[in-house]
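Residue numbers for the sequence shown follow the working numbering, beginning at 15 and rising by one.
The next block holds one structure in the form of structure tokens; read it before the comments.
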Amino acid sequence: MIVRLRYYLSVFLYTLCFMAYAQDFSISGQVMDLNSNPIALANMIVLAEDGSTFLKGTSTDDIGHFKIENLVSDTYVIKISFIGFEDFTQRIILRGHLDLKKIQLIEIPENLDEVTIIAKKPTITRKPDRLIFNVENTALSEGSTLGVLKSTPGIIVSEGSINIKSSPATVYINNRKVQLTSEELIQLLESAPANSIKSVEVITNPPASYDADSGSVINIIMSKNLATGYRGSVLANYTQGVFPRYNAGTSHYFKNNKINLNLNYSYSQNKINRNQDDTVNFLDNLNEIEEIWTSNINRNTWSQTHNLNLNFDYYIDDKNTLSLTSTGLYTPYFKYQIRNKTNITDEDFVYKKRFTSDNLSRDNKYNIGTDVIFSHAFENSAYLTFNAHYTIYDYERDQNVLTNKFDVNNIFEGTSEFNSIANQNTNIVTGKIDYSLPINETSSFDAGVKYSNVNTDSDITKLDIVGNSEVIDVNNTDAFIYDEKVFAAYSNYIKSWNKWELSLGLRVEQSYIEGESLTLGETNTQDYLDWFPNVSLSHQILEETSVYATYKRSITRPSYTDLNPFTFFLNENTVVLGNPNLVPTYRDHYKIGTNFLEHFTVEAYYMNYDGDIVELPRQNNQTNEIAFTPINLDKKVEYGFDFVFDYYPTSTWNLYFVTSFYNISEEANFGDDFVKQDQWSNYSILHNSFSFLKDQSLNASLTFTWVGKNLQQFQSVEDRLVSELSVSKSILKKRGVISLSVEDFFNLQDQETSTDYLNQLNSSFVDYDNRYIKLGFRYNFGNTKLKTNEPDPDHEELDERKRLKDLN
């Protein structure tokens with residue numbers, strides 16, 4: 015009887031304990047300052063009753079909300095802290111869901127203006143789908159935004175493009191796509207100061223919330239204003255390359271309890287030089303050399319560019335925010351001059367004839383993109399965001415080409431001359447709705463829909479100069495109307511448990527495209543529905559060892575200019591041809607990797623491209639012309655292995671090293687001929703950053719990037735070494751920063767290419783104007799202790815805008 019009684023008593027007590035500990039309670043609230051302004055990113059931790067044992071923690075969101083779940087009934091101590099404010103500590107007895115409502119932190123006035131931010135070392139965080147390069151308050155923040163990207167692991171900034179290794183990257187700022195062409199983007203990032211950057215995310219497996227066209231993404235995360243007030247800065251840079259270049263700008267930030275404003279303006283005046291030596295071996299029917307054309311080409315580009323960026327947030331109340339963002343670029347002056355000197359010899363280099371060709375173009379363009387965003391926060395921390403976007407892009411080019419010809423005796427034979435007028439006007443309208451729901455502390459769900467409509471109206475007129483009169487060349491005059499509609503929907507689910515983390519996403523896009531050539535009377539129509547899944551899975555095996563695997567399918571649509579059926583003449587023998595029959599590229603990207611011993615990462619990846627879009631220089635051996643034409647490759651495959659080492663030998667010295675061995679193979683069918691080429695290559699980076707002096711006000715970085723011989727669009731690109739040294743020093747009580755940087759001091763960055771397949775045999779060496787010394791100065795005024803302000807809505811921006819291309 016006593017034994018049975020003990021048994022029932024044990025079961026009863028066990029049931030009570032189980033019921034008590036099975037309860038799932040939560041603590042929530044909102045953190046604000048004394049002016050009722052929400053405080054984002056405040057730390058909220060839950061301690062045991064003794065006040066010393068940490069149990070759980072979180073950070074407040076953009077409007078100060080926090081919520082900690084999965085707590086049992088017990089007595090706890092909660093602590094909320096944020097820089098510049100007194101800590102908030104309170105003992106609570108939890109017996110159910112507890113809403114602490116509004117918690118006000120008290121500012122420390124005597125310390126607010128005395129805060130001194132010491133430069134710290136950059137750190138790297140690796141996740142299955144991305145690398146996060148934290149640069150806030152480091153030496154890199156004293157340079158330009160483009161300089162930060164050049165120092166970010168895995169990113170290659172070259173002439174006119176920003177790549178993640180060999181693949182073009184889509185650039186976002188705070189999850190919003192930068193609304194400029196690739197050339198304009200580089201101008202913008204070069205003139206934008208880096209002191210506003212918190213981190214750079216290199217995302218190789220973007221979630222489904224990103225457009226399917228975003229195969230690889232660079233997301234620049236900006237710092238937030240952490241207190242009310244105003245601050246501003248002015249900057250100026252002088253760069254000496256072949257010719258001098260100038261850049262100046264100003265930034266202004268303001269925040270109070272209702273508005274958040276960020277306004278940036280910059281002006282640049284550049285003259286860029288480029289020398290190029292080309293050799294084209296024109297072949298006979300037996301693929302023997304018949305003529306050799308050797309060209310020396312000098313190109314100078316003059317430009318004056320205005321950039322304006324506006325970000326404005328209006329906090330309607332604690333749960334509703336209205337935002338306006340706008341990016342504008344205006345180039346009132348752009349002159350493009352090419353001087354071509356070509357000698358023609360036979361296969362034994364015996365002189366036959368020569369010609370000179372002068373190309374002078376003048377451009378005028380503007381590019382303005384504007385977003386209106388409304389965000390609503392629900393009680394359960396879910397978010398609903400509405401985004402409307404409009405872009406207007408207008409581009410005009412007037413060109414004159416004059417060719418002088420000389421015979422075998424080097425006697426002047428005569429001239430030919432023509433003018434061309436080209437225009438492109440593009441309008442983009444999009445609408446998006448995004449919903450984000452944190453299901454619980456270990457899982458979340460996102461979903462959204464998007465509609466986009468793109469209209470492009472382009473025309474080109476070629477005018478031959480005959481007897482001092484202009485005569486229309488009807489064979490090379492055309493107008494092209496392009497219309498694109500895309501409907502998209504996506505969902506994404508994230509779940510973590512024990513030592514596992516899973517992300518599943520699916521995006522569906524229905525595309526309808528119509529391109530009409532008015533002169534030729536031809537219409538090309540495409541109508542397709544595509545599914546774009548992505549998955550990421552990681553497992554923490556040991557404390558310092560994890561493994562992960564990812565998969566992503568993406569699409570690359572042709573640029574609007576590439577689809578134009580135009581012939582744009584650089585000279586009589588070199589043309590750029592559009593291709594209205596281009597179809598999208600589909601990419602499947604697989605990756606597995608491991609992080610171990612804190613400092614090491616090893617990855618293996620495989621990428622398969624179906625119909626990769628490339629612009630090939632194709633020589634016509636009958637007409638002696640070179641035509642740059644975009645085509646779809648039949649197949650392209652890239653696979654390789656990455657090895658990463660990140661280490662701090664001392665507290666003021668960071669050493670980062672990465673090396674990648676990879677293979678690229680390309681296949682294409684040219685009528686009756688089939689070509690397949692492949693090439694192993696190596697890509698390596700050695701980056702060092704240093705801080706000197708007691709207050710770490712002197713900073714330096716030294717970076718070497720090795721790009722081994724590789725294959726790009728059936729061209730072999732020879733080895734290159736990119737080198738950069740930058741030094742910055744804080745002055746004027748840290749209100750001013752003076753910087754000095756030197757690039758390509760070994761003069762090994764220029765590009766040498768060669769083509770050798772079927773009846774194509776040519777080579778080129780391009781001497782870019784990328785060897786320079788740059789001197790810069792920035793002065794901060796107002797409340798210099800404030801962080802910068804950029805809105806950070808949970809949505810991505812336009813994929814459509816990156817396909818805007820200049821007419822050349």
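C-beta: ideal position from N, C-alpha, C; glycine also.
Predicted model only: the values in this text are computed from it and were never measured.
Is the closest heavy atom of the ligand MN to the C-beta of Y328 under 6 Å?
Of ligands this structure carries none, so the ligand MN is not represented either.
Unbroken alpha helix (DSSP H) run spanning L775, endpoints:
From DSSP, L775 is part of no alpha helix (DSSP H) but of the beta strand (DSSP E) over Q774 to Y782.
Would you please state the rounded distance, in angstroms, between the beta carbons of E455 and N84? I believe it to be under 8 Å.
6 Å
Going straight from the alpha carbon of F655 to that of E536, what length do you get?
46 Å
Could you tell me which whole alpha helix (DSSP H) segments of length 4 or greater appear in the segment 665-727?
none
DSSP on S213, reduced to helix/strand/coil?
strand
What distance in whole Å lies between the Cβ atoms of S715 and S698, which are believed to be in contact at a cut-off of 8 Å?
The Cβ separation is near 17 Å, so there is no contact.
Return the CA-CA distance between T1 and E617, expressed in angstroms with no decimal places.
This structure gives no information on residue 1, because the portion of the chain shown stretches from 15 to 822.
Please state whether DSSP places S592 in a helix, a strand or coil.
Reading the sequence as shown, one finds Gly at residue 592 and not Ser. Of the three classes helix, strand and coil, the one that applies to G592 here is coil, per DSSP.
In terms of DSSP beta bridges, what is V171 paired with?
I176
Measure how close the beta-carbons of D227 and S568 come, nearest whole angstrom, since I'm counting them as under 8 Å.
7 Å
Quick one: what does DSSP say V364 is sitting in, helix, strand or coil?
coil
Report the rounded CA-to-CA distance for I442 versus D408, giving the unit in angstroms.
12 Å
In this structure, how does DSSP classify S87 when only helix, strand and coil are distinguished?
coil
So the candidates are V468, N538 and G462; which of them puts its Cα closest to the Cα of Y507?
G462
With 16 other Cβ atoms within 10 Å as the buried cut-off, status of P258:
exposed
Measure the alpha-carbon distance for V597 versus Q438 and round it to whole angstroms.
21 Å
Determine the burial state of W307: buried for a count of at least 16 other Cβ atoms within 10 Å of its Cβ, exposed for fewer.
buried
Unbroken alpha helix (DSSP H) runs of length 4 or more, entirely within the segment 554-607: which are they?
574-577
Look at the alpha carbon of H553 and the alpha carbon of Y565, and state the distance between them as a whole number of angstroms.
16 Å
Close-in-space but distant-in-sequence residues of the same chain around N323 (CB under 6 Å, 5 per side omitted):
N278 and T341
Close beta carbons around K650, own chain, < 6 Å, minus the five adjacent residues each side
Y623, D626 and E680
Find the nearest neighbour of N761 within the set I387, D541 and N784, judged by alpha-carbon distance.
N784
For P663, count neighbouring C-beta atoms within 10 Å of its own C-beta (all shown protein chains included) and say buried if the count is 16 or more, exposed if not.
exposed
Let me confirm a value: T89 is counted as buried when at least 16 other C-beta atoms fall within 10 Å, else exposed. Which label applies?
exposed
Within its chain, find whatever has a CB closer than 8 Å to the CB of K366; leave out the 5 residues flanking it on each side and keep chain order.
E305, I358, T359, D360 and V422
With D47 and L119 assumed to form a contact (beta carbons below 8 Å), what rounded beta-carbon distance in angstroms separates them?
6 Å
Since S753 contacts G790 with CB under 8 Å, what's their CB separation in whole angstroms?
4 Å
Count the other CB atoms within 10 Å of the CB of V162; is the residue buried (16 or more) or exposed (fewer)?
buried
Straight-line CA distance for P220 to N354?
44 Å
Report the option in I352, I495, I106 and A503 whose CA atom is closest to the CA atom of T533.
I495
Best match in F659, T67, A396 and D487 for proximity to L611 [C-alpha to C-alpha]
F659
Is the beta carbon of E14 less than 7 Å from the beta carbon of N381?
In the structure as shown, the chain begins at 15 and stops at 822. Residue 14 is therefore absent and cannot be evaluated.
Sort N394, T444 and N490 by Cα distance to S825 and report the nearest one.
Coverage of the chain is limited to positions 15 through 822, which leaves residue 825 absent and any answer about it impossible.
Report yes if the CB atom of Q351 is closer than 7 Å to the CB atom of L374, and no otherwise.
yes
Going along the chain, which residues of its own chain have a beta-carbon closer than 7 Å to the beta-carbon of E515, five neighbours each way excluded?
S552
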